[in-house]
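Asks: Chains as they are written, first to last, in this note's numbering: chain C, 1 to 360; chain L, 361 to 720. Backbone N, C-alpha and C fix where the C-beta goes; we use that ideal spot for every residue, glycine too.
(1) At the level of alpha carbons, what is the spacing between residue 1 of chain C and residue 342 of chain C?
(2) Consult DSSP for residue 484 of chain L and reduce its assignment to one of helix, strand or coil.
(3) For residue 456 of chain L, decide whether its Cβ has a neighbour in chain C, counting only Cβ atoms nearer than 8 Å.
(4) Could you have a look at residue 348 of chain C and say whether DSSP puts it in helix, strand or coil?
(5) What does residue 424 of chain L touch in chain C if you count any residue whose Cβ is under 9 Å from its own?
(6) Taking Cβ-Cβ distances below 9 Å as the criterion, which residues of the segment 396-407 of chain L are in contact with chain C?
(7) When Cβ atoms are compared, which residues of the segment 272-297 of chain C fall closer than 9 Å to chain L?
(8) Report yes or no: is there a C-beta of chain C within less than 8 Å of the C-beta of residue 682 of chain L?
(9) Assign residue 508 of chain L to buried or exposed, taking buried as 16 or more other Cβ atoms, counted over all protein chains shown, within 10 Å of its Cβ.
(10) In this structure, does DSSP put residue 201 of chain C in helix, strand or coil?
(11) Secondary structure at residue 409 of chain L, three-state DSSP: helix, strand or coil?
(12) Tell me which same chain residues have a C-beta within less than 6 Å of the C-beta of residue 204 of chain C, skipping the five on either side of it?
(13) Under a CB-based cut-off of 8 Å, is residue 213 of chain C close to chain L?
(14) May I ask which residues mark the beginning and end of the beta strand (DSSP E) holding residue 102 of chain C?
(15) For residue 302 of chain C, would you say it is in contact with chain L, using Cβ-to-Cβ distances shorter than 8 Å as the test?
(16) For residue 430 of chain L, name the three-state secondary structure that DSSP assigns.
(17) Taking DSSP as the reference, what is the three-state secondary structure of residue 690 of chain L?
(18) Using a Cβ-Cβ distance under 8 Å, would residue 123 of chain C count as near chain L?
(19) Among C:315, C:9 and C:27, whose alpha-carbon lies nearest the alpha-carbon of residue 157 of chain C?
(20) Sorted by chain position, which residues of the same chain lie with C-beta nearer than 7 Å to residue 676 of chain L's C-beta, five sequence neighbours on each side aside?
(21) Quick one: what's residue 193 of chain C bridged to in DSSP?
(22) Applying the criterion that 16 or more other CB atoms from any shown protein chain within 10 Å of the CB defines a buried residue, is residue 101 of chain C buried or exposed?
(23) Consult DSSP for residue 135 of chain C and reduce its assignment to one of helix, strand or coil.
(24) Within 10 Å of its beta-carbon, does residue 44 of chain C have 16 or more other beta-carbons around it, so buried, or fewer, so exposed?
(25) Express the C-alpha separation of residue 554 of chain L and residue 96 of chain C in angstroms, rounding to a whole number.
(26) Could you list the residues in the segment 694-709 of chain L with a C-beta less than 9 Å from some C-beta on chain C, going in chain order?
(27) Check for me: the beta strand (DSSP E) holding residue 296 of chain C runs from which residue to which?
(28) Return the chain-ordered ranges of every beta strand (DSSP E) run that is complete within the segment 263-320 of chain C and spans a minimum of 3 residues.
(29) Run down chain L in chain order and give the residues with a C-beta less than 7 Å from the C-beta of residue 356 of chain C.
(30) Excluding the five sequence neighbours on either side, which residues of its own chain have a C-beta within less than 7 Å of the C-beta of residue 371 of chain L, listed in chain order?
(31) Out of L:570, L:400, L:401 and L:426, state which residue places its alpha-carbon closest to the alpha-carbon of residue 412 of chain L.
(32) Taking the beta carbon of residue 435 of chain L as the centre, do at least 16 other beta carbons fall within 10 Å, making it buried, or is it exposed?
(33) Specify, as a first and last residue, the run of the beta strand (DSSP E) that residue 178 of chain C falls within.
(34) Short of 9 Å Cβ to Cβ, which residues in the segment 102-115 of chain C face chain D?
Right under this line is the structure:
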């Protein structure tokens, strides 16, 4: 990917932050009216109607084409994993990147099922070489241990944000109109918890969950790591989302921040997945508050901190299937609902066209 | 459809009631084990894993083919609609039957989106003739007003149950492995409320909702109609589901009871939709309790009585999208989740096959 000097990085990211295309409230309202004329009691398709209106507003198009979906699965290792905060060893990150690219992971299967294009990007795994089909953008093997050091330099965060922006551009060039944020990284639910606590003000105890399935001791280690990470932050850092991302974020999370920002700049819906992808969205929305309007929350994870992050975003997820996998799996499961919502808008008859009597 | 004499009807329905194929607990348990070997933390796909295991158990097949979906949309008019219990005039039933068959209704659009086969059956609308593409099985135009008379004779209920069984057979012959219960009928949320109250023991106030959108006066009329209907029932009727169906049911509901019973007899999953289709399932499960194991609850309707009916069935729905439309629309929206669950089971790599390290 791109090779820019630090000054260029800063100015390119500044440009990205100023480029948001706010969804059209007028399109949204017209779609709501159009849906009320369809042959059904007003509002009887519930959240599907909201979804059609929201998506149309993001697209600035009263009669959008059926969506085409893309997924960026960004992966990296995390220094904090050395504190045994996961039920799996760090090598699983690289192994799963290869599995995703080879088509055997949950997200591979679900993406095939819904016809979504997948880009797998290695933003910093610890493996020697990457598997075929993986986009390798690594400058370092894993982030720093956020409980005692910065995850990455601000320069690296900026670079990875622009990598993410380029990946979004690539999917949009391929016709994608809605892009899901997927991730893989042993240790990253600890990082998501730290970011969620820092941005929402919630206590470490409230944002830390069992992730891949740690036991009580693992849970205590996660809580301690988050507490230490938060303890290192100065107020100025908490109020500077880029500095915060560099300090207590993750390499794959930086990529996803860039994906979300560029999607929002290009009338492209951003589909959240679980806790980690939503933590990336928190950073992106802290940078550009109205980006919130371009997000579609796909599901509520079993991770308790995810609900806190969603609430901070004022996002009400479509699904609640007790998932806790990540990779973009929940977002892929929500894609058919978005397609269905758009088809309802495009294809349903009106009371007038179908000759159906209206209600009292 | 078939023309049988009353004795034949009784013996054919008796045979149907004895024909249930119970789902295989062994297949279910083997699928749960197979899912634990896939490259994901155990249980991390949450309800999707339950769904794969449940569907495989119903099919008696540890590695089922991706499901093929059918939908029976049964429609009829209701005498109780003369009490102004709906926001729409009764003529809308016939108009919507035509709209569904012509492809303009919500269920038409959603069925196309998921590739489901739809059978539209007129079990008793008030219209003179039916639209092209509609299966006409009418012997009467609308049911009796349940607040003061039986909805239909027991003989008519038996006949319509066998009509439903034949429709299920037709879909199964076409390859369907999961059949959704859809319906249309102005006034039928009042009938669903009466059935739900009679079978669950809930009070009329708890099972009556706004349906298509009645105002407070309409709600009071619905509650009164349900109270009157329940007041007509003898204890013996409440304990005889066929008599109950004839007394306070609906013509389209009788068809759906037959669809569910035959599907359960043929290793075919039964997808519930909203309140009315679930009321049909209550009757079917009252007749054959283990049929409950063949049901998949697709969504939780905004109608308050639906939650009572689901609880009686011990069914936890997949979606909660604030729908209140019927037609099978919520079931169609849940179909991609079932497909996804089966593909996960079929296509995901195992830790061993993908060379991924297992957890601690």
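Replies: So, from the data block:
(1) Low confidence applies to residue 1 of chain C: its pLDDT is 48, below 50, so where it sits in the model is not reliable, and the reading given next is rough at best. Each residue's alpha carbon lies about 34 Å from the other.
(2) strand
(3) Yes, contact with chain C.
(4) Note: residue 348 of chain C maps to coil in three-state DSSP.
(5) Result: empty, since nearest Cβ-Cβ is about 15 Å, beyond 9 Å.
(6) Against chain C - using a Cβ distance shorter than 9 Å - the residues of the segment 396-407 of chain L are 398, 399, 400, 401, 402, 403, 404, 405, 406 and 407.
(7) Going along the segment 272-297 of chain C in chain order, one finds no residue with a Cβ nearer than 9 Å to chain L.
(8) yes
(9) Under this definition residue 508 of chain L is an exposed residue.
(10) In the three-state reduction of the DSSP assignment, residue 201 of chain C falls in the coil class.
(11) helix
(12) 197, 223, 226 and 227
(13) yes
(14) Here residue 102 of chain C belongs to no beta strand (DSSP E); instead the alpha helix (DSSP H) covers 91-102.
(15) Yes, residue 302 of chain C lies at the interface with chain L (some Cβ there is under 8 Å from its Cβ).
(16) strand
(17) helix
(18) no
(19) C:9
(20) Result list for residue 676 of chain L: 657, in chain order.
(21) Looking at the DSSP output, residue 193 of chain C sits in no beta bridge, so it has no partner there.
(22) Label assigned to residue 101 of chain C: buried.
(23) strand
(24) By the neighbour-count criterion, in which a residue is buried when 16 or more other Cβ atoms sit within 10 angstroms of its Cβ, residue 44 of chain C is buried.
(25) 53 Å
(26) Against chain C - using a Cβ distance shorter than 9 Å - the residues of the segment 694-709 of chain L are 695, 696, 697, 699, 700, 703, 704, 706, 707, 708 and 709.
(27) Secondary structure note for residue 296 of chain C: its beta strand (DSSP E) is the uninterrupted segment 295-297.
(28) 269-272 and 295-297
(29) 452, 455, 456 and 459
(30) none
(31) L:426
(32) buried
(33) 178-184
(34) Absent from the structure is chain D; the protein chains it does hold are C and L.
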